[in-house]
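Each position in the sequence shown, counted from 1, maps to that position plus 147 in this note's numbering.
Even glycine gets a Cβ: it sits at the ideal position worked out from N, Cα and C.
A short worksheet on the structure shown next.
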Amino acid sequence: MLTVSAAADVTSAFTEIGGLFEKETGIKVTFNFGSTGQLAQQIEQGAPVDLFAAANASFIDELEQRGLIIPETKAKYAQGRLTIWTRKDSAHQIDRVEDLASPALKRIAIANPEHAPYGRAAREALQHAGVWDSVLPKLVYGENISQTLQFAESGNVDAAIVALSLSINSDGKWKLVPGELHNPLVQTLAVIKGAKNEAAARKFAGFINAPEGRTVMRRYGFALPGEEAAP
């Protein structure tokens, strides 16, 4: 059995890819989805992980510096995008990041920027749009991007900045955040050094970037290695 720790934004896509991989190879994949920073910390502490798929290259780079990955397995697998998400029954009309500063919006959710790459990107977008200071008192932090969306779906917040990959199949309204407002979310994976299932991990990493995996990733709104992300 292959153990994969992966960023929360790829939950639906990787679950689907894992099913295709098992069907083709007979290798079962067990996933641990969460915030990239927390998953990286678990790996540093010796968690039994075979493959790590991060939402940002910097976390893979840090693990490489600590000698915790197999360097030649490091590979980009996607580039993520942000959206502003509201419930379908929301009376709020939000077309731009700047609209989040409206006094009518009382609570806004983002992933915790301390350990979630999508939270960092949300903070950057708010800063570059010039509304960080006015939005800051309204912020509610999700532990990861999935929980951030759950806050908005439940109505506990008026809006959330979440991943496009989670927005696409959600039952809500969303607007893309312009990519130039934040650093690119270059999602990167690597096989963990000393992995019990290294060969299977290498095979699954290749499968993600093979036509089968790329077809699924593209359907969830990811730009893929070698493809330009839309503005």
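CA-to-CA distance, S317 to V196, given in whole angstroms: 29 Å
In chain order, each beta strand (DSSP E) run of at least 3 residues that lies wholly inside the region 278-333: 286-289, 306-310 and 319-323
Member of L252, L186 and N344 whose CA lies at the smallest distance from the CA of V287: L252
Within 8 Å, strictly: CB atoms of I292 and A155: yes
Chain-order list of residues whose beta-carbon lies under 7 Å from that of P218 (same chain, five-residue window excluded): E211
Cβ shell of A377 (< 6 Å), same chain only, five flanking positions each side left out: Low local confidence applies: a pLDDT of 48 at A377 is under 50, so the model's placement there is unreliable, and no value is given.
Alpha carbon of E374 to alpha carbon of F354, nearest angstrom: 18 Å
At least three beta-carbon pairs within less than 8 Å, the region 288-308 to the region 334-343: no
Identified DSSP bridge partners for F178: V151
Beta carbon of V157 nearer than 8 Å to that of S301: no
Sequence-distant residues of its chain with Cβ nearer than 8 Å to I164 (five each side left out): F354, I355, E359, G360, V363 and M364
Of the residues L336, K322 and A187, the one placed nearest Q240, counting alpha carbons only: K322
Residue(s) in a DSSP beta bridge with A269: Paired residue(s): none; A269 is not in a bridge.
Length at least 3, wholly inside the region 194-245: the beta strand (DSSP E) runs in chain order: 198-201, 222-227 and 229-234
Check whether L198 and V333 have beta carbons under 8 Å apart: no
I355: first and last residue of the uninterrupted alpha helix (DSSP H) it sits in: E345 to I355
Beta-carbon proximity of Y224 to A200, cut-off 8 Å: yes
CB contact flag (I462, V244, <8 Å): Beyond the ends of the chain as shown, which are 148 and 378, falls residue 462; an answer cannot be given.
Through-space distance from R228 to Y367, alpha-carbon basis: 10 Å
Assigned secondary structure, L371 (DSSP; H/G/I helix, E/B strand, else coil): coil
Alpha carbon of A202 to alpha carbon of P264, nearest angstrom: 6 Å
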